[in-house]
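When we follow the working numbering, the leftmost residue of the sequence shown carries the number 46, and every step to the right adds one.
Notes to accompany the following structure.
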Amino acid sequence: MLNWIARQLRGNSQPQSQSSDTLRFRDADSAFATECKYTDNRVAERVALVAIIRTLKVKEGEEPVILVQVADADGPFAAFAIDPAGKLPDLREGDLVAWLAFSYSDTLSLVLGDKRSGWMGVLTAKLSLTYDSHRGFIPESVA
């Protein structure tokens, strides 16, 4: 929008070339809040959504327990996630991630108190705080 206004003021109505507009967030919480406000995606099997890690518990020799908050068109919700074989290095609480829904459990939805929370997801990428208007959040590392 700002580029269009600038072109109009300069008298140049030619569209810009394939340049992408990016937005850099100062922290993961503000990036997640913006995604929650503007996303039109809804949780479904094999749909990747932006999430933020809220709880990460790692015990020696065991799979980490990861609780994420997922951005959804109906508002954020809590869900569990796995990191397959530890493919995403240096995950921390507060990291922005791509969460892919793959399995549903009625029991989990009852325990967490939200039907959407019954979805278990796999983390497919750790996301940077840079949002590209054509590609979404840019991956920092991919599983």
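Quick reminder that beta carbons are idealized off the backbone N, C-alpha and C, glycines included.
Here the structure is a predicted model, which is why all the values come from computation and not from measurement.
Which of helix, strand or coil does DSSP assign to residue i?
i: L94; result: strand
i: T79; result: helix
i: D151; result: helix
i: P121; result: coil
i: G131; result: helix
i: R161; result: helix
Is the beta carbon of residue i sitting closer than 8 angstroms to the one on residue j?
i: Y149; j: G131; result: no
i: V167; j: L145; result: yes
i: N86; j: D119; result: no
I believe residue i touches residue j by the beta-carbon criterion, under 8 angstroms. Please report the beta-carbon distance rounded to the nearest angstrom.
i: F122; j: D159; result: 5 angstroms
i: L94; j: L136; result: Actually they do not touch by this definition, with Cβ atoms about 17 angstroms apart.
i: L133; j: A188; result: 5 angstroms
i: E105; j: I127; result: Contact flag wrong, Cβ pair sits at about 17 angstroms.
Find the nearest neighbour of residue i within the set the options, judged by alpha-carbon distance.
i: D140; options: K82, E107, R161, T169; result: T169
i: E171; options: S178, D177, R161, F182; result: Position check: residue 171 holds Lys in this sequence, whereas Glu was assumed. Ranking S178, D177, R161, F182 by Cα distance to K171 puts F182 first.
i: R191; options: S173, H179, S186, V92; result: As displayed, the chain neither begins before 46 nor continues past 188, which places residue 191 out of reach and without an answer.
i: E80; options: S186, A143, M165; result: A143
i: R91; options: F147, E138, D72, A76; result: F147
i: Y83; options: E185, Y176, P184; result: Y176
i: E138; options: S178, L155, V88, I111; result: I111
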